[in-house]
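Following: one structure in structure tokens, then a few remarks.
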Amino acid sequence: MCAQDNPNNRQVVSSTPLFWSTAAAFGALWGTVEITLGSFIHTLRIPFSSAILASIGAALLIAQRQVVPKRGLSIATALIAALCKSLSPGGVILGPMVGITVEGLLVELALLASSRFVVCAILAGMLAAVWPVFHKLLSGFVFYGTTAVELYVAMLQKANAWLGHADAGWWVVMAFIGIIASIGALGGLFGWCVGKDAARSLGATP
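Residue numbers for the sequence shown follow our numbering, so the first one is 245 and each next one is one higher.
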């Protein structure tokens with residue numbers, strides 16, 4: 245169980261205007277990363293590109309919460325980042341905007357018990373990284389109905405046939421999700437370390 249935040253900790257944020265200015269700064273940065281780096285790595289078809297982008301976003305949110313341990317800040321930042329994403333050359337793309345918002349919500353939920361406990365930070369990174377996989381599955385079901393589900397089942401059956409084992413396809417899926425979760429965990433840990441250093445420099449931790 246994650247430890248509760250110490251109420252005696254000195255906090256950088258004490259007013260609503262500063263809360264929203266922090267959310268705006270990190271949200272704009274996250275949105276810029278999604279528009280620039282995101283477009284670049286998707287164009288190059290880099291493996292696990294969605295997980296990498298989600299991990300970067302989670303790292304930003306986690307680092308932010310080490311300096312500003314305010315509940316609600318992660319989801320507020322995600323909403324601003326989603327609005328920034330709408331300014332990309334491709335125009336308003338609902339899917340990525342929803343994805344960014346949900347990633348922020350997952351980080352918010354993971355840090356709900358404690359924004360400064362490393363286990364919560366790692367969990368937040370893992371949830372954010374794994375979400376794009378389920379987002380694609382849900383999007384396929386919404387737009388194509390049961391046809392998408394039948395396609396995924398056929399792919400699993402084909403993998404079973406190729407590997408010569410009835411459950412081989414599921415093991416491949418689990419390994420794939422494990423790799424993505426590991427990427428997210430590294431992103432969460434990196435954000436926690438960077439945020440801790442920044443908070444210590446600013447005197448935001450005891």
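Beta carbons: idealized from backbone N, C-alpha and C, even for Gly.
Whole-angstrom C-beta distance between residue j and residue i, which should lie under 8 Å
i, j, result
"A372", "A298", "5 Å"
"L305", "T321", "6 Å"
"V351", "A302", "6 Å"
Span of the alpha helix (DSSP H), counted from its first residue to its last, around residue i
i, result
"L281", "260-287"
"P340", "338-354"
"V311", "293-311"
"I290", "Where I290 is concerned, there is no enclosing alpha helix (DSSP H), given that its DSSP letter is neither H nor E."
"S358", "Unbroken run through S358: none, as it is neither H nor E."
"K329", "317-329"
Rounded C-alpha distance that separates residue i from residue j
i, j, result
"F434", "M370", "12 Å"
"L446", "V416", "45 Å"
"L323", "G271", "7 Å"
"I319", "S265", "14 Å"
"R289", "I427", "17 Å"
"F420", "E347", "19 Å"
"F361", "L349", "18 Å"
"L213", "P291", "The structure shown does not extend to residue 213, since the chain is modelled only from 245 to 450, so the question has no answer here."
"A354", "L317", "13 Å"
"I337", "I285", "18 Å"
"S293", "V374", "12 Å"
"A325", "I423", "26 Å"
"P261", "F378", "35 Å"
"Q269", "M418", "In the sequence as displayed, the identity of residue 269 is Ala instead of Gln. Cα to Cα, the separation comes out at about 36 Å."
"P313", "K380", "31 Å"
"K440", "T287", "34 Å"
"A425", "V363", "14 Å"
"V438", "G275", "20 Å"
"T280", "W436", "24 Å"
Nearest candidate by alpha-carbon position, reference residue i, set the options
i, options, result
"A267", "V374, V311, L353", "V311"
"L327", "L273, I421, G428", "L273"
"G339", "P376, L262, V417, V277", "P376"
"G282", "P261, L262, L356, K329", "K329"
"E278", "F361, R289, I296", "I296"
"A443", "A325, S359, R315", "S359"
"F263", "V363, G422, R309, F378", "R309"
"R501", "L356, D441, I300", "The chain is shown from 245 up to 450; residue 501 falls before or after that span and cannot be answered."
"I300", "I344, T260, P261, T287", "I344"
C-beta neighbour in chain D for residue i, strict 9 Å
i, result
"S265", "You won't find chain D in this structure, because it holds only one protein chain."
Query raised in the report: Is it a yes or a no for the segment 350-368 touching the segment 417-434, going by three-plus beta-carbon pairs under 8 Å?
Result: Judged by Cβ distances under 8 Å, the segment 350-368 makes contact with the segment 417-434, as three or more pairs qualify.
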